[in-house]
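Residue numbers (the numbering used here), protein chains in the order written: chain A, 130 to 303; chain B, 537 to 730. For every residue, glycine included, the Cβ atom is placed at its ideal position computed from N, Cα and C. Since the model is a prediction, treat every value here as computed from it, not as a measurement.
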């Protein structure tokens with residue numbers, strides 16, 4: 130919308146004479162020439178007429194039933210003072226803040242848990258990399274020690290017996 | 537206009553100090569006005585009374601936040617319009633579940649209305665237009681909504697609005713113009729989606 134109309138739109142819409150006659154005359158002349166402004170003003174006029182329909186009818190008797198004040202006080206007593214929690218529960222904005230805070234808390238929780246796990250994993254990986262070549266991992270708190278079972282023990286005994294027998298045989302041959 | 541030194545300001549200060557007689561005076565002074573504002577928007581007497589009670593309960597609990605920048609009526613007007621929109625929002629949610637949008641008073645008006653042979657708008661068209669404008673007004677801010685309703689429904693001039701709100705006339709004009717443009721754009725979007 131052009132400036133000539135924008136500045137005087139309220140006067141144009143109400144047909145008010147509050148603006149100076151020259152400015153209103155200029156506005157009308159502009160409207161006669163400018164399709165864009167004319168169409169916008171027409172839309173605004175139609176909407177204004179619709180908004181005015183929200184007036185109570187002239188014959189409307191704005192009389193409330195007797196005891197209105199008492200009913201207001203009853204409601205006040207029933208509702209009690211507004212607490213800070215009501216602001217969160219009742220208002221849409223408060224509810225959004227509450228939901229956003231919960232989501233943020235959840236994200237932080239997930240981040241903390243996953244970050245702790247990855248730190249543990251990387252510490253273990255670092256420790257295993259730092260061990261000198263040929264050295265085996267000694268049973269400790271983080272790496273569970275391999276249990277020496279009876280089978281292992283028997284296998285070890287068997288191989289040492291074989292070695293002794295082999296030594297004896299070579300000794301006799303000599 | 538100074539809203540801090542008027543007789544009304546003294547009354548507000550007494551309500552802020554929890555003077556029950558002063559609150560009663562506020563209720564009695566504005567109850568008819570509030571009732572007719574609500575009825576104008578909703579056209580339902582029973583709901584209007586219920587919402588009017590809610591408006592004054594809200595006035596009671598929130599009056600300590602009243603900062604005297606506007607007149608008491610402007611402040612109450614804003615609360616009233618907000619309560620109407622809160623009611624409409626809740627009603628829309630309820631309607632999705634089980635309630636018809638058509639009130640008994642609507643039905644009575646429809647029955648009483650003659651077919652539009654005299655060039656007047658038929659009752660069902662008027663209802664649809666009312667729904668449309670209420671929907672469009674829900675697309676602007678609370679301040680913009682109150683301002684345009686004070687101008688067009690209550691019939692206040694720009695000069696009066698400036699006095700009532702504590703804003704200067706140019707600011708009022710700019711706010712009204714922006715509101716009207718937003719309403720036009722919202723109407724355009726609504727027609728495109730239909």
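| Item | Value |
| --- | --- |
| Partners in chain B for residue 177 (chain A), counting only beta-carbon separations shorter than 7 Å | 688 |
| Straight-line Cα distance separating residue 254 (chain A) from residue 236 (chain A) | 27 Å |
| Interface partners of residue 571 (chain B) on chain A, CB under 7 Å | 191, 193 |
| Distance between residue 563 (chain B) and residue 193 (chain A) (C-alpha atoms, nearest Å) | 12 Å |
| Endpoints, the alpha helix (DSSP H) within which residue 598 (chain B) is located | 581 to 598 |
| Neighbouring residues, chain A, relative to residue 575 (chain B) (Cβ below 9 Å) | 185, 186, 189, 191 |
| Minimum Cβ-Cβ distance from residue 141 (chain A) to chain C less than 8 Å | Chain labels in this structure do not include chain C; the protein chains are A and B. |
| Residue 300 (chain A) in three-state terms, based on DSSP | helix |
| Simplified DSSP assignment, three categories, for residue 306 (chain A) | In this structure chain A extends from 130 to 303, so residue 306 (chain A) is not present and cannot be described. |
| The region 611 to 623 of chain B / the region 560 to 579 of chain B touching (three or more Cβ pairs under 8 Å) | yes |
| Closer than 8 Å to chain B by CB, residue 201 (chain A) | yes |
| Chain-order list of residues whose beta-carbon lies under 7 Å from that of residue 689 (chain B) (same chain, five-residue window excluded) | 576 |
| Check whether residue 720 (chain B) and residue 176 (chain A) have beta carbons under 8 Å apart | yes |
| 8 Å Cβ cutoff met for residue 626 (chain B) and residue 675 (chain B) | no |
| Selection from A:167, A:130, A:178, A:169 that minimises the alpha carbon distance to residue 665 (chain B) | A:178 |
| Buried or exposed (CB count within 10 angstroms, at least 16 for buried), residue 131 (chain A) | exposed |
| Inside the region 142 to 198 of chain A only - alpha helix (DSSP H) runs reaching at least 4 residues | 150 to 162, 164 to 181 |
| Proximity test, Cβ basis, 8 Å: residue 716 (chain B) and chain A | yes |
| With 16 other Cβ atoms within 10 Å as the buried cut-off, status of residue 297 (chain A) | exposed |
| The region 540 to 550 of chain B contacting the region 578 to 597 of chain B, beta-carbon criterion three pairs below 8 Å | no |
| Distance between beta carbons of residue 685 (chain B) and residue 180 (chain A), contact taken as under 8 Å | 7 Å |
| Nonlocal neighbours in the same chain, by C-beta distance under 8 Å from residue 173 (chain A), ignoring five residues either side | 138, 142 |
| Continuous alpha helix (DSSP H) stretch holding residue 660 (chain B): start and end | 659 to 673 |
| Chain B within 8 Å of residue 133 (chain A), Cβ atoms only | no |
| Cutoff 8 Å: residue 548 (chain B) Cβ touching any chain A Cβ | no |
| Chain A contact for residue 676 (chain B) (CB, 8 Å cutoff) | no |
| Reference residue 186 (chain A); option with closest CA among B:579, B:598, B:603, B:587 | B:579 |
| Terminal residues of the alpha helix (DSSP H) in which residue 576 (chain B) lies | 556 to 578 |
| Three-way DSSP call (helix, strand, coil) for residue 690 (chain B) in this model | coil |
| Residue 155 (chain A) versus residue 714 (chain B): straight-line alpha-carbon distance, rounded | 22 Å |
| Option in A:234, A:144, A:140, A:133 with minimal Cα separation from residue 103 (chain A) | Residue numbering for chain A in the displayed model covers 130 to 303; residue 103 (chain A) lies beyond these limits and cannot be assessed. |
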